[in-house]
Amino acid sequence: MWSKKQKILKKIIPLTILFIISLNSLLVFIPTSYNQLKTEKYTNLRISGERRYSEQWIDNPTFSSLESWVPIEQGDPSDFDAEISNGQGNYILLGEERTFSEISGTPKENDWKNVTNPAFPAPPDFNEIDEYGCEVNHTWIDPDDPIQSPSVHWVRNITMPVNMSDYAITSVSISAVINASVTTDSGNNADGFPFIHPGIDTELDFPAQQGDYDSVRFYVQISDLERNEVHEVAWYQTVDLGQESPEINNITDSFMEKKTTEALKYYLTSLFERDNYHFQITLGIRIKCVDNYNYDTDRWDSLRIKSCNLSFTYQKKMNQFAALSWNQVGRKISNSSDILVTGANFTFKYKIDQSWPYLLSPNSEIRVLINNKQLNETIKLSSAPTSFQLAKPTGFDVFSLISKGINISVSIQVFLADYFLLDHPIVISIDDVYLDISLVLIYEDILTEPELFRILFIIASIAAVCLGGYLYAYQKILKYPRPVRKVRKYRFSLRKTKSPNINITDRKTAFNLAYKRIISPTNKYIRGKPSELKPESKKLMKEKEIEQKKQKLEEVG
Numbered sequence: 004m005w006s007k008k009q010k011i012l013k014k015i016i017p018l019t020i021l022f023i024i025s026l027n028s029l030l031v032f033i034p035t036s037y038n039q040l041k042t043e044k045y046t047n048l049r050i051s052g053e054r055r056y057s058e059q060w061i062d063n064p065t066f067s068s069l070e071s072w073v074p075i076e077q078g079d080p081s082d083f084d085a086e087i088s089n090g091q092g093n094y095i096l097l098g099e100e101r102t103f104s105e106i107s108g109t110p111k112e113n114d115w116k117n118v119t120n121p122a123f124p125a126p127p128d129f130n131e132i133d134e135y136g137c138e139v140n141h142t143w144i145d146p147d148d149p150i151q152s153p154s155v156h157w158v159r160n161i162t163m164p165v166n167m168s169d170y171a172i173t174s175v176s177i178s179a180v181i182n183a184s185v186t187t188d189s190g191n192n193a194d195g196f197p198f199i200h201p202g203i204d205t206e207l208d209f210p211a212q213q214g215d216y217d218s219v220r221f222y223v224q225i226s227d228l229e230r231n232e233v234h235e236v237a238w239y240q241t242v243d244l245g246q247e248s249p250e251i252n253n254i255t256d257s258f259m260e261k262k263t264t265e266a267l268k269y270y271l272t273s274l275f276e277r278d279n280y281h282f283q284i285t286l287g288i289r290i291k292c293v294d295n296y297n298y299d300t301d302r303w304d305s306l307r308i309k310s311c312n313l314s315f316t317y318q319k320k321m322n323q324f325a326a327l328s329w330n331q332v333g334r335k336i337s338n339s340s341d342i343l344v345t346g347a348n349f350t351f352k353y354k355i356d357q358s359w360p361y362l363l364s365p366n367s368e369i370r371v372l373i374n375n376k377q378l379n380e381t382i383k384l385s386s387a388p389t390s391f392q393l394a395k396p397t398g399f400d401v402f403s404l405i406s407k408g409i410n411i412s413v414s415i416q417v418f419l420a421d422y423f424l425l426d427h428p429i430v431i432s433i434d435d436v437y438l439d440i441s442l443v444l445i446y447e448d449i450l451t452e453p454e455l456f457r458i459l460f461i462i463a464s465i466a467a468v469c470l471g472g473y474l475y476a477y478q479k480i481l482k483y484p485r486p487v488r489k490v491r492k493y494r495f496s497l498r499k500t501k502s503p504n505i506n507i508t509d510r511k512t513a514f515n516l517a518y519k520r521i522i523s524p525t526n527k528y529i530r531g532k533p534s535e536l537k538p539e540s541k542k543l544m545k546e547k548e549i550e551q552k553k554q555k556l557e558e559v560g
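Going by my numbering, the first residue of the sequence shown is number 4, and it counts up by one from there.
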């Protein structure tokens, strides 16, 4: 007999087994690994399947029109120009060399303006511009003439055709030609006797008052329009003009002295830094009459600037870090978790119309930017071909630059990494620009991953309950044979307070029921064809049936 404690354990053990099985089925579906937790952002991924495909993302890749492409400049806009022509996108470096030569030959009256020299404002007796140039003559008579240093200027304002801050002066040339004639003997004094050392006095005339002498200075100046910065670039200072012995009363056509080329470049550059478009050139003559004697007379018959030539060349500056990009803003990749980006390949062709000036700019290059993020690989312009070829035969891997949920922008940029001067234009061209993006589309299904786990958990729980129920039923009932089950059932019924239902069967009915159960196995023999059984078999079968009936009757009786 079972003790009370054993009976309690008999009930608890099956329930404990059922609980453990259910708990294990739950733990199977709880993510416990790091990798599972790491992929929780893909919770809504569909599980039914996927489709892999590639899509070309560039509109108008062959530059058949202006559509979709926009040029964007960085730095000085005067360095680049952009155009689309002949099915290609062009970057035009605006290299250029210009020459200034407006000041040339004999000065013309219409080009020059007579103005006062602010340092020596007294004018000479006469000045003009004629067909032979700028001329002055003057006579100083001591002691009644106060004007000992007359001067005159002719100025011309120059306007440059371009902004000179974008250019650098590479060479300068200036030349000016003068001539002069004077009177060395002024005649007799009031008493009819010749003057001692009359006329213009030079150092070799040994005047009474030495240390300073009569002279004239011809000069050319350049300045800003307000003359805040003035540079004398050419000059001629007389020394022996007017000398009496040996007599020197003229100077034939002679060139002025001039500054060095480097000094001239510096002066012009400085002036253009003040004013990017303008400067002023001045032709000047200044006479110096020194009172070397009482009753001194100086006669300057003709002082002339016969010609002036000023020319210079200037080349376009290419500014460091200037850049020009052909830019396109394309479509978005859906931010849905059903679409994955698995790769991106970018290709384009490029060329240059002439060899790149490597010595001037060895570091300039072509850059690729996707979504404003620069690709690590660049292309040096010094290696650019003169006919179209792929920038990289296998294309550029730009997968790391692709983002979902934003418009994908593509930019191909020519970047100037050095400062240099360029005296001619250079054209860089691109064509056949393609961005191939590899995508994976996850098919949508009725069940998402969390729903699937939920259903599997329910099924596992039902299976666990069924298994536990079966084990419990086996422990309580099924492990006993049927007769024992009847006895146990009868025993349990005796413990009930209510009497069990009793059905009394009479002897005849019980006999008939027993008879039917006994003969039911032999029906197949009875219903068979007589011809199918041999005589010996029929006799043997009949004896067996009689023997079985006797045994059954004895059991029932």
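Just so it is clear, CB atoms sit at the ideal spot from N, CA and C, and this is done for glycine as well. Small disclaimer: the values here were computed from a predicted structure and weren't measured.
Identity of the residue in N140, E105, V158 and D128 nearest N120 by Cα: V158
What's the call for Q246, buried or exposed, on a 16-neighbour Cβ count within 10 Å? buried
Please determine, among G346, A171 and I382, the residue with the shortest C-alpha to C-alpha distance to K352. Minimum Cα distance to K352 is reached at I382.
So S152 is in the beta strand (DSSP E); what residue range does that whole segment cover? Premise fails: S152 is in no beta strand (DSSP E) and is neither H nor E.
Quick check on DSSP: helix, strand or coil for L306? strand
Going by DSSP in three states, N160 sits in which element: helix, strand or coil? The three-state secondary structure of N160, taken from DSSP, is strand.
Rounded to whole angstroms, what is the Cα-Cα separation between D62 and I405? The C-alpha of I405 is placed about 17 Å away from the C-alpha of D62.
If you draw a straight line from the alpha carbon of N348 to that of D400, how long is it in whole angstroms? 5 Å
Which residue marks the beginning of the beta strand (DSSP E) containing T255, and which one marks its end? It spans N253 to F258 - the beta strand (DSSP E) in which T255 sits, taken as one unbroken run.
Opening and closing residue of the beta strand (DSSP E) in which A122 lies: Neither: A122 is in no beta strand (DSSP E) and is coded neither H nor E.
Considering only DSSP beta bridges, list what R510 is partnered with. DSSP lists no partner for R510.
Measuring only the C-alpha atoms, how far is S176 from I429? 28 Å
Can you tell me whether E70 is helix, strand or coil according to DSSP? coil
Which of helix, strand or coil does DSSP assign to D208? helix
By Cβ distance, which residues of its chain are closer than 7 Å to T162, with the 5 residues on each side in sequence left out? Y280 and H281
On a Cα-Cα basis, can you pick out the residue from S464, V344, R307 and V332 that is closest to M259? R307
In this structure, how does DSSP classify L313 when only helix, strand and coil are distinguished? strand
Tell me, please, which residues DSSP counts as bridged to V417. L327 and I369
Assuming R54 is part of the alpha helix (DSSP H), what are its boundary residues? No alpha helix (DSSP H) contains R54, which is instead part of the beta strand (DSSP E) from E53 to Q59.
Would DSSP call L274 helix, strand or coil? When DSSP states are grouped into helix, strand and coil, L274 belongs to the helix group.
Do you know whose CA, among F66, L363 and G346, lies nearest E58's CA? G346
For I172 versus T263, is the C-beta distance shorter than 8 Å? Annotated as distal: I172 and T263, with beta-carbon spacing of 8 Å or more.
Cβ shell of P64 (< 7 Å), same chain only, five flanking positions each side left out: D435, V436 and Y437
Among the candidates S390, Y361 and Y317, whose CA atom is the shortest distance from the CA of I355? Shortest Cα-Cα distance from I355 to any of S390, Y361 and Y317 involves S390.
For R101, which option in D169, Y518 and P146 has the closest C-alpha, if you only look at C-alpha atoms? D169
Within 10 angstroms of the Cβ of S364, are there 16 or more other Cβ atoms? Answer buried if so, exposed if not. buried
Where the beta strand (DSSP E) through S178 begins and ends: Membership of S178 in the beta strand (DSSP E) is indicated by the continuous run Y170 to T186.
Within 10 angstroms of the Cβ of D421, are there 16 or more other Cβ atoms? Answer buried if so, exposed if not. exposed
Using DSSP with H/G/I as helix, E/B as strand and the rest coil, what is A387? coil
Unbroken stretches of the beta strand (DSSP E), 3 residues or longer, contained in the region 211 to 239: 218 to 226
Where DSSP assigns a beta bridge to K261, which residues make up the other side? Per the DSSP secondary-structure output, K261 pairs in a beta bridge with A237.
With a 10 Å radius around its C-beta and 16 neighbouring C-beta atoms as the bar for buried, classify T255 as buried or exposed. exposed
For G563, does the three-state DSSP call read helix, strand or coil? It is not possible to answer for residue 563, since the shown part of the chain is limited to 4 through 560.
Counting Cβ pairs, one atom from each stretch, are 3 or more of them under 8 Å apart for the region 323 to 336 and the region 402 to 417? yes
Three-state class that DSSP yields for A85 in the structure shown: strand
In three-state DSSP terms, what is E131? strand
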